[in-house]
Each structure stands twice: as C-alpha cells, then as structure tokens.
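Enquirer: First the structure, which I've put down as structure tokens, then a few questions once you've had a look.
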C-alpha cells in the first residue's frame, strides 16, 4: 500500500510541476470544498445548540458565510485563485510581523539566539510582500512548494514500502492465581 500511495504522490508532484497555474486553481477549488463543508458543519452545529447557547446565531452566520465563500472558491476557482494568493501573502506578512515582535520579547528575556526569529520574521515579511506585489510569482512559489512536498512525501512512502517490517512479538502476560 505504501508503494502505491508513494507512486500516486509522485505522479501528482509531476503534474503540479508541469502545470503550476492549473494546480493553484485546483488548490483553490479544494479549499473551497473544505470551506463549504465547514460551513455546513457550523450551520448544523448552531441549530443543534440553539436551545443551550444564546449566541448560536453568530455560528449560523459564520456557517452561511463559509458556504458562500466555499461556493465562490469551488465554482469560480480561476477568478478566486488570485484572492487565495493574496490571502497567503497577507498571512505570511502577518506571521512575519508577529515573529519579529516576538523576537524582541525573547531579547528582553536574554535569549541568546533571539535574532534567528527576527531574521525569520523579516524573511517572512519579504516573501509575503513578494507574493502580494508579484502574485504570479507567489502562485508559482506556492505550487512549487506544494509539488516538492508531494515529491518528498511520495519518496518517503516508496522507501517505507521497501522496508521489511516484522510483526511485533506479543509479550506474555503472567496470570496470577
């Protein structure tokens, strides 16, 4: 089973590398599907707890918004893919700002390598800015990282498939009379 899964992941990686823009559109549609089902879960959950939780309406609204967003991402992935790229860029900048701020907190606490987190934060801000201001480069970067992940995981699964695993020997349990 490991071998088959590994080969499938590598095939997907090759497809991602061959057509990265179609891959970002596919990723957008997949995120849309997940968001849509998350909305359904929120709606069902809010209706289920409405007698016990007086703010259930907020969860209902969140569920409706998730369904609308999910439908947009699913049915118009080509149009909404740039929004996904912008979201990833904005998220990366936000993480970079938080990492940079946290690094100064670590400096105050006398951590010796506080600057490593600062460098990571600044690189995150830089990378996020590139994604925001050069969305095509950002989309290609996201899909290339995705393809590399599929390739590495597929390689791992294939290597795991060739490993010989022995069944563990059960340890006898002493029975006391």
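Residue numbers (our numbering): 46 to 222.
Cβ coordinates follow ideal geometry from the N, Cα and C atoms, glycine included.
(1) Contact defined as beta carbons within less than 8 Å: I believe residue 172 pairs with residue 137. What is the distance between those atoms, to the nearest angstrom?
(2) I believe residue 69 touches residue 214 by the beta-carbon criterion, under 8 Å. Please report the beta-carbon distance rounded to the nearest angstrom.
(3) In terms of residue numbering, what span does the alpha helix (DSSP H) encompassing residue 207 cover?
(4) For the structure I just gave you, are there three or more beta carbon pairs, one from the region 100-114 and one from the region 51-64, closer than 8 Å?
(5) Please look up how many angstroms separate the CB atoms of residue 84 and residue 112, rounded, as I've assumed it's under 8 Å.
(6) Who are the Cβ neighbours of residue 180 in its own chain at under 8 Å, not counting the five residues just before and after it?
(7) Could you round the C-beta distance between residue 176 and residue 183 to whole angstroms and report it? I think they count as a contact, below 8 Å.
(8) Using three-state DSSP, classify residue 95 as helix, strand or coil.
(9) How about residue 87 and residue 108: do their beta carbons lie closer than 8 Å?
(10) With distance defined between alpha-carbon atoms, name the residue in 58, 117 and 49 nearest to residue 77.
(11) CB-CB under 6 Å to residue 71, same chain, minus the five flanking residues each way: which ones, in chain order?
(12) Suppose the cutoff is 6 Å on Cβ atoms and the five residues either side in sequence are ignored; what does the same chain contact list for residue 155 look like?
(13) Could you tell me if residue 58 is buried or exposed, where buried requires 16 or more neighbouring beta carbons within 10 angstroms of its beta carbon?
Expert: Walking through what the data contain:
(1) 6 Å
(2) That pair is no contact at about 49 Å.
(3) 180-207
(4) no
(5) 4 Å
(6) 127, 130, 131 and 134
(7) 3 Å
(8) coil
(9) yes
(10) 117
(11) none
(12) none
(13) buried
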